[in-house]
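Here's the structure we're looking at; comments come further down.
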Amino acid sequence: MHEDVERCVRAVQSKDARFDGWFYTGVVTTGIYCRPSCPAVPPKPENMRFYPSAAAAQQAGFRACKRCRPDASPGSPEWNHRADVVARAMRLIAEGVVDREGVPGLAARLGYSTRQIERQLSAELGAGPLALARAQRAQTARLLIETSALPMSEVAFAAGFASIRAFNDTVREVFALTPTELRDRVAKGRPPAGSGTLSLRLPFRAPLCPDNLFGHLAATAVPGVEEWRDGAYRRTMRLPHGHAVVALCPHPDHVACALTLTDLRDLTTAISRCRRLLDLDADPTAVDDLLRADPVLAPLVDKAPGRRVPRTVDPAEFAVRAVLGQQVSTAAARTHAARLVVAHGEPVTDPGTGLAAPDHGHGGLTHLFPTAAALAETDPLTLAFPRTRRATFAALATALAAGEIDLGAGGDWDEARAKLGALPGIGPWTIETIAMRALGDPDAFVPTDLGVRAAAHELGLPSTPAALTRRAAAWRPWRAYAVQYLWATGDHAINRLPAA
334 MHEDVERCVR
344 AVQSKDARFD
354 GWFYTGVVTT
364 GIYCRPSCPA
374 VPPKPENMRF
384 YPSAAAAQQA
394 GFRACKRCRP
404 DASPGSPEWN
414 HRADVVARAM
424 RLIAEGVVDR
434 EGVPGLAARL
444 GYSTRQIERQ
454 LSAELGAGPL
464 ALARAQRAQT
474 ARLLIETSAL
484 PMSEVAFAAG
494 FASIRAFNDT
504 VREVFALTPT
514 ELRDRVAKGR
524 PPAGSGTLSL
534 RLPFRAPLCP
544 DNLFGHLAAT
554 AVPGVEEWRD
564 GAYRRTMRLP
574 HGHAVVALCP
584 HPDHVACALT
594 LTDLRDLTTA
604 ISRCRRLLDL
614 DADPTAVDDL
624 LRADPVLAPL
634 VDKAPGRRVP
644 RTVDPAEFAV
654 RAVLGQQVST
664 AAARTHAARL
674 VVAHGEPVTD
684 PGTGLAAPDH
694 GHGGLTHLFP
704 TAAALAETDP
714 LTLAFPRTRR
724 ATFAALATAL
734 AAGEIDLGAG
744 GDWDEARAKL
754 GALPGIGPWT
764 IETIAMRALG
774 DPDAFVPTDL
784 GVRAAAHELG
794 LPSTPAALTR
804 RAAAWRPWRA
814 YAVQYLWATG
824 DHAINRLPAA
């Protein structure tokens, strides 16, 4: 979009927050770059320069605006709905892969050469993987500087910098302030959090309908791993360097996030997974405008616009849970999953970190969800499933543990579908459910789902899978969001926030 100068100028002049994250504006007279919705007086059009990423603006010599904090804007929705190599690379960079494995590790995960990855990212984003990762490190550093009491040396290490000098130079270059000056700008009376506990605000593009998003997560929560407490969805997460407990609470203009990490190096990955879980980088205007064009869906969209697709922090976990949920009720699926957690999950201590009432003491989280490797070693005969589902469970766990199926942020959606379909007992409903919530495909569609078919019948849409799929062609590429609106017609706990 940054190449459409006239459109970008109009967005900046109208301070349109819908375009935050789509592009960044460099102002040649001040040397700063901003998000489109920056509250400052818009510069003259001839003084504007537009960039596809914060990293590209930084490479061009611009520093981040202190008022609009462009590094904290929602991410580009492009990386949500695309499955090409650039989108997959951006999702992996957000997961911290470059910091942990370097550019060669990123390229290896994508099946391309380092040179090919660098060339494709530079062509589309104006910056290579190292510059993009550096911009992300700068944002992580700012979060730790402003929200924690950690010594600066620990901030530098946790943010992924190789040296204190690189940390200091980057912060000064990007924010035009030293790390100490950044911390001093934190409002008085707002003491920073202690080591390992952070309180963050996760931005999103309005509107956001929290009912189905948090309602779905709460209604399907696996005891011990997830819970709804004090008005927040809480869960445990397994991360590259340790584990975390997160509490997420919806607000009108942000999602409050309380993170307790065992290793602060996992901050970037944890934030990325929370944003992905809640689909916070979606473009609800684009989605709703297309779905509203269908006269059947228009009233549903107008009633509660901004529905997101509830996703997952662990794709392998969700795939296992999708198999557990085959042809059983939500309650039964939760019971099966809870038994696996107790038998094979890793015990953790819940610090009780919350948002509405952080002093209530320990919460109800007790375990991390079992790894695929642990589940692959499970004796199928101990599972209270039908024989065919035991075989499906074992085949899936074995394939995931062996790395034969990649459901991660950098995975190929078509390849994952094909490999899932080759396993015994995994049909279209399971494949598309995993594609929707684990892979993050915004066009995944489940025409055989009972809730979808019931909604279709009630709305006068075709109710047979083949006919409904043909009718739903007009909803592409946002059929996963259409599913959320169809589900919302039913009286089910997944459609509403739990009682406080």
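The working numbering puts the first residue of the sequence shown at 334, with every later residue one more than the last. Backbone N, C-alpha and C fix where the C-beta goes; we use that ideal spot for every residue, glycine too. Keep in mind it's a predicted model, so treat the numbers as computed, not measured.
In whole angstroms, give me the CA-to-CA distance for residue i and residue j.
i: Pro703; j: Gly678; result: 4 Å
i: Pro775; j: Asn413; result: 8 Å
i: Ala706; j: Leu673; result: 13 Å
i: Asn501; j: Arg770; result: 39 Å
i: Pro376; j: Thr553; result: 49 Å
i: Leu550; j: Ile827; result: 7 Å
i: Lys348; j: Cys371; result: 6 Å
i: Leu465; j: Ala631; result: 39 Å
i: Ala416; j: Arg424; result: 10 Å
i: Arg567; j: Pro543; result: 15 Å
i: Gly743; j: Leu623; result: 27 Å
i: Ala665; j: Leu716; result: 13 Å
i: Ala690; j: Leu531; result: At Ala690, the pLDDT of 42 sits below 50, so the modelled position is not reliable; the number obtained from the coordinates is stated separately. Spanning the two alpha carbons is a distance of roughly 15 Å.
i: Asp692; j: Pro684; result: Any reading at Asp692 must be qualified, since the residue scores a pLDDT of 43, below 50, and its modelled position is unreliable; no value is offered.
i: Asp745; j: Gly548; result: 29 Å
i: Val419; j: Gly741; result: 15 Å
i: Val642; j: Ala652; result: 16 Å
i: Ser386; j: Thr595; result: 31 Å
i: Gly860; j: Pro798; result: Outside the displayed range of the chain (334 to 833) lies residue 860, so it cannot be described from this structure.
i: His650; j: Val681; result: The sequence given here places Glu at residue 650; His does not occur at that position. Distance between the alpha carbons of Glu650 and Val681: 17 Å.
i: Gly527; j: Ser481; result: Residue placement at Gly527 is flagged as unreliable, the pLDDT there being 48, under the threshold of 50; the coordinate-derived value follows with that caveat. Their backbone Cα atoms lie some 6 Å apart in a straight line.
i: Gly557; j: Arg571; result: 14 Å
i: Trp811; j: Arg534; result: 27 Å
i: Val646; j: Thr602; result: 10 Å
i: Glu710; j: Arg598; result: 30 Å
i: Thr721; j: Asp712; result: 14 Å
i: Arg667; j: Pro462; result: 40 Å
i: Val675; j: Leu698; result: 12 Å
i: Ser796; j: Val361; result: 57 Å
i: Glu559; j: Thr569; result: 7 Å
i: Gln472; j: Asp782; result: 41 Å
Residue j and residue i - do their beta-carbons sit closer together than 7 Å?
i: Ala468; j: Ala388; result: yes
i: Phe352; j: Pro378; result: no
i: Leu610; j: Arg644; result: yes
i: Ser605; j: Glu428; result: yes
i: Tyr818; j: Leu633; result: yes
i: Val620; j: Tyr814; result: yes
i: Phe383; j: His335; result: yes
i: Ile738; j: Ala655; result: no
i: Gly778; j: Ala821; result: This sequence places Phe at residue 778; Gly is not what is there. In this structure, Ala821 does not lie closer than 7 Å to Phe778 by Cβ.
i: Pro403; j: Tyr357; result: yes
i: Ala637; j: Leu657; result: no
i: Thr802; j: Pro780; result: yes
i: Ala807; j: Asp627; result: yes
i: Ile443; j: Val430; result: Residue 443 is actually Leu in this sequence, not Ile. Taking 7 Å as the Cβ cut-off, Leu443 and Val430 do not qualify as a contacting pair.
i: Asn545; j: Arg608; result: no
Would residue i be called buried (16 or more neighbouring beta carbons within 10 Å of its own) or exposed?
i: Gln391; result: buried
i: Gly793; result: exposed
i: Glu748; result: exposed
i: Ala580; result: buried
i: Glu514; result: exposed
i: Glu791; result: exposed
i: Ala422; result: buried
i: Asp432; result: buried
i: Ser486; result: exposed
i: Asp824; result: exposed
i: Ser409; result: buried
i: Val785; result: buried
i: Asp586; result: exposed
i: Glu451; result: buried
i: Asn380; result: exposed
i: Gly773; result: buried
i: Pro484; result: exposed
i: His584; result: exposed
i: Arg470; result: buried
i: Arg516; result: buried
i: Gly354; result: buried
Contact the region 397-404 vs the region 565-576: 3+ CB pairs below 8 Å:
Contact between the region 397-404 and the region 565-576 is not established, with fewer than three Cβ pairs separated by less than 8 Å.
Assess contact between the region 607-616 and the region 530-539, defined as three or more Cβ pairs (one per stretch) separated by less than 8 Å. Is contact present?
Verdict: yes, contact present.
Length at least 3, wholly inside the region 424-493: the beta strand (DSSP E) runs in chain order
Here no run is fully enclosed.
Which runs of the alpha helix (DSSP H) at least 4 residues long sit entirely within the region 362-432? Give them in chain order.
Correct list: 387-392, 411-414 and 418-427.
Decide yes or no for the touch test of the region 487-495 against the region 446-461: beta carbon pairs closer than 8 Å, at least 3 of them.
Counting C-beta pairs closer than 8 Å gives fewer than three between the region 487-495 and the region 446-461, which falls short of the contact rule.
Any contact of the region 726-741 with the region 756-773, i.e. 3+ C-beta pairs under 8 Å?
As far as the Cβ criterion goes, the region 726-741 touches the region 756-773, which means the pair count is three or higher.
Cβ contact check for the region 589-597 and the region 503-519: 3 or more pairs under 8 Å:
No, the region 589-597 is not in contact with the region 503-519.
Note down, one range per segment and in chain order, each beta strand (DSSP E) of at least 3 residues found wholly within the region 627-701.
Counting whole runs of 3 or more residues, the region 627-701 contains no beta strand (DSSP E) stretch at all.
In chain order, which beta strand (DSSP E) runs of at least 3 residues are fully inside the region 555-611?
Secondary structure remark: continuous beta strand (DSSP E) runs of at least 3 residues inside the region 555-611, in chain order: 559-562, 565-572, 575-583 and 588-594.
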